[in-house]
Amino acid sequence: MPNLPKIPIYVSILGLWSSMGQDEIYERWFRTPLEKHGAVLVWFGGRWSVLVSRPDWLTDLFRNEDVYAKAGSQVKIPHAVIATLVGDNIINSHGANWRLYTGIMKAGLQKKVFETGSLLRQSRKLVDVLIQLQREDKGERGVLVNSEVQKWAIDVMGENFLDLELKSLGQPDNHVRIEALQSIIKATLFKPMYFSFPDLDHFPWLLPSRKRAYAIMKEFDDILYDKIMSMLERRSKATDQPKSEEMVSHMLGEAYKAGRINEKQFRDNMKITFLTAHENAQQLVNSMFWQLGVRVDIQQRLRDEILATARVHPDPGQEVINSLPYLTAVVLELLRLFPPVSQLINRVAMRPAVLGGQLPIAKGTFVGWNAWAVHSNPQVWGEDAREFRPERWGESVEEMQAKFRRETVRGTYIPFNAHKRKCLGQGFALLQVKILLFVLLGKVSWVVDPEYRLKMTPGGILAPLGCRVILTELEA
Ligand code: HEM
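In C-alpha cells:
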C-alpha cells in the first residue's frame, strides 16, 4: 500500500450506530487528509483500497483503463449480495466483455436525438401527481417527493430504454412490484456492515436477513426477465404493427437469440440498465427539490427563463430545451454539488504503476474516486466551492458546454466520470432532468418544509433523505 493516511476502519461501519450523513462523515474524517494528500486509504469491500481526489491523478486513472481496469463486485466479492444483483455488465466489465456489451448496447443508449414527447408526458404526470398530493395534504407538511420521483424515473427508464410500460406513476406505493422492489433493494444493499465486511455474505444460512436479500435480488431478476421476454415475443409476433424504435432491450434480445451473449449476460445487462437509468436521475431530482426549494431566488430566475420560452414553445423539442442557458447552468451546478454517484471503488491495478507519475500503486490494489471531494474542494473550485452558484458556468450555452468538457477532461468535474469509461447515458439524463424542470417550474413554485432538516444519505449514492416540499400552483 502506498504511504497515505488511513481512514480508521470504524468510519466504514459508522452507519451501524450513528445516523451521520456522508457529508458529515466526509467533513469529519476525509476532507483534511484528502485535500492535503490527494488520496487516502479506506477500508471498503473487505480490503484496504486507495481513494483518489487529486484531479491530475484522477485523469491518469480514467485515461488508462488498461492499467487501472474496471473490476466491480463481480470480481472483487463475487459471492456477495451486490454481485448477484449486478453481475458482469457494461458498467463494471473490462476488456473483451466490455467491448462486446458496448457494441450491442451503445446505439440504444446514445441516440443523437431523443424524442421529447414521452419525457414531457411523463413529467406532466409527475407534476399532476405532486399537485394532487399537495391538495390532499391536510397537515400542511407538504409532499414527500422521493417515492413519486422514483416512480417517474422508473417509468421514464422503462419507456426509453427497455420498451416496457411499467405504469407505476399515479399508483399507490407497493402497487407495481418491480418498482416497490427498488426501495427494498436500496435499503438492503446500502448496509455498511455488509459493504465493509462482504465475507459475512458467505453465511446466509446464519443470517436470515442476508437470505432474504438474495431472495429479493432473484425476484427482481426474474420479474424483469419475464417482462422483457414477453415484450420481445409480443413484438416478434406483431407483424402488423409499425416496427418500434430500436431500444437497448431489443438489441440485447437479438444478441441473446443469436448466441452472442448467454442468458446470464442478457439478464445482468438488463438489470444494470434498469438500475442505472433510473436511480441517478431519481437522486438528482431529489437534490434539485431540496436545493431550489431553499434557493427560491434561483428557482424564480429559472422560472422566468422557462415561462418566456414556454409561451413560444409549449412542447419544446431537444434543441429548444438545450438552448436555455440558465437551465443548463442550474443542472450542471446541481451535478457538481450533488453528484449522485459520489464515490466508486471499482478499479484494480493490472500491474505495478505510478499514479500521475507520483503515487506508487502495487499490482492488485483497488483504486477508487470521490466526486464530491473534487467538486467541493476550494483549491479546485474556489473559496465558494460549496455554494450553489449556477453563474460560475458562464453566460452562453456554448461557454457552458466548453467549460463542462474542459473540466471533465481535467478531472475536476466528474459526475459522469471521464475519458474512456464515461457515462453513456449522459445526454439522455441531462435532457430528462431539464424537461422535468421545464414542466415543473411552469406549473408550480415550492419551498422546503420549514421543519425538514437536511440529512444526506449515509453512503453509496448522494442525495437528501426524506425531503418534504410545500407546493403552490401557479396561476394559469
Ligand atoms: C444523472 C444521471 C446519471 C449519472 C450521474 C450517471 C453517472 C455515471 C457514472 C459516474 C458512470 C461511471 C461509473 C464507473 O466509473 O464505474 C456511469 C457509467 C455509465 N452510465 Fe451513467 N449516469 C447517469 C445516467 C445514466 C443513464 C440514464 C444511462 C442509460 C442507461 C446510463 C448508462 C451508463 C452506462 C452504460 C455506463 C457505463 C459506461 C462504460 O463503462 O462504458 N447512465 N454513469
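Following the working numbering, the numbering of the sequence shown begins with 771 at its first residue and continues without gaps. For each residue, glycine too, the CB sits at the ideal point set by N, CA and C.
Check: Selected residue, minimal CA-CA separation from Glu1016, among Pro1110, Phe1198, Leu879; Outcome: Leu879
Check: Alpha-carbon to alpha-carbon, Leu1210 and Asp858; Outcome: 37 Å
Check: Boundaries of the beta strand (DSSP E) in which Leu821 is found, first to last residue; Outcome: 817 to 822
Check: Per DSSP, cross-strand counterpart(s) of Val1203; Outcome: None, per the DSSP bridge assignment.
Check: CB contact flag (Asp925, Leu939, <8 Å); Outcome: yes
Check: Beta-carbon proximity of Pro1234 to Ser953, cut-off 8 Å; Outcome: no
Check: Minimum C-alpha distance to Asn1139 - residue among Glu1165, Gly1164, Lys1173, Ala1188; Outcome: Checking the sequence, you will find Trp at residue 1139 rather than Asn. Here the closest residue by C-alpha is Ala1188.
Check: Run of the beta strand (DSSP E) containing Thr1242, from where it starts to where it stops; Outcome: 1238 to 1243
Check: Counted within 10 angstroms of its Cβ, other Cβ atoms place Lys876 as buried (16 or more) or exposed; Outcome: exposed
Check: Run of the alpha helix (DSSP H) containing Ala853, from where it starts to where it stops; Outcome: 851 to 856
Check: Assigned exposure category for Leu1244 - 16 Cβ within 10 Å defines buried; Outcome: exposed
Check: For Lys1178, the nearest candidate out of Glu1089, Trp813, Arg833, Lys1027 (CA to CA); Outcome: The residue asked about is misnamed: residue 1178 is Thr in this sequence, not Lys. Comparing Cα-Cα distances from Thr1178 to each of Glu1089, Trp813, Arg833, Lys1027, the minimum goes to Arg833.
Check: Phe1193 Cβ short of 7 Å to the ligand HEM heavy atom set; Outcome: Per the sequence shown, residue 1193 should be read as Cys rather than Phe. Yes, the beta carbon of Cys1193 sits closer than 7 Å to at least one heavy atom of the ligand HEM.
Check: Proximity below 8 Å, CB of Val1055 to CB of Val1217; Outcome: no
Check: First and last residue of the uninterrupted alpha helix (DSSP H) at Gln880; Outcome: Here Gln880 belongs to no alpha helix (DSSP H), and DSSP marks it neither H nor E.
Check: Which residues DSSP lists as bridging Ile1231, in chain order; Outcome: Val1111
Check: Alpha carbon of Ile1091 to alpha carbon of Arg982, nearest angstrom; Outcome: 44 Å
Check: Given 8 Å, three or more beta-carbon pairs between the segment 1014 to 1033 and the segment 1074 to 1081; Outcome: no
Check: For Gln1223, three-class secondary structure by DSSP; Outcome: Note on identity: in this sequence residue 1223 is Arg, with Gln being the wrong assignment. Residue state, collapsed to three classes: coil.
Check: Beta-bridge partners of Leu784, as assigned by DSSP; Outcome: DSSP lists no partner for Leu784.
Check: Own chain partners of Asn867 with C-beta closer than 7 Å, once the 5 adjacent residues on each side are dropped; Outcome: Asp858
Check: Beta-carbon proximity list for Gly1126, same chain, < 6 Å, skipping 5 on both sides; Outcome: Asp826, Trp827, Asp830
Check: Check whether Gln1088 and Leu1207 have beta carbons under 8 Å apart; Outcome: no
Check: Three-state secondary structure (DSSP) of Ile777; Outcome: coil
Check: Pairwise C-alpha distance: Pro1086 and Ala850; Outcome: 45 Å
Check: Under 8 Å between C-beta atoms of Val810 and Pro803; Outcome: yes
Check: His1083, buried or exposed, once every other Cβ within 10 Å from all chains shown has been counted against 16; Outcome: exposed
Check: Endpoints, the alpha helix (DSSP H) within which Asn916 is located; Outcome: 916 to 927
Check: Phe1136 - DSSP class collapsed to helix/strand/coil; Outcome: strand
Check: Rounded straight-line distance, which links the Cα of Val856 to that of Ile847; Outcome: 12 Å
Check: Identified DSSP bridge partners for Trp813; Outcome: Trp818
Check: Where Tyr1183 falls: helix, strand or coil (DSSP); Outcome: coil
Check: With 16 other Cβ atoms within 10 Å as the buried cut-off, status of Val883; Outcome: exposed
Check: heavy atom of the ligand HEM below 7 Å from Pro1185 C-beta; Outcome: yes
Check: Straight-line Cα distance separating Gly1181 from Glu797; Outcome: 21 Å
Check: Asn1050 CB to nearest heavy atom of the ligand HEM below 7 Å; Outcome: yes
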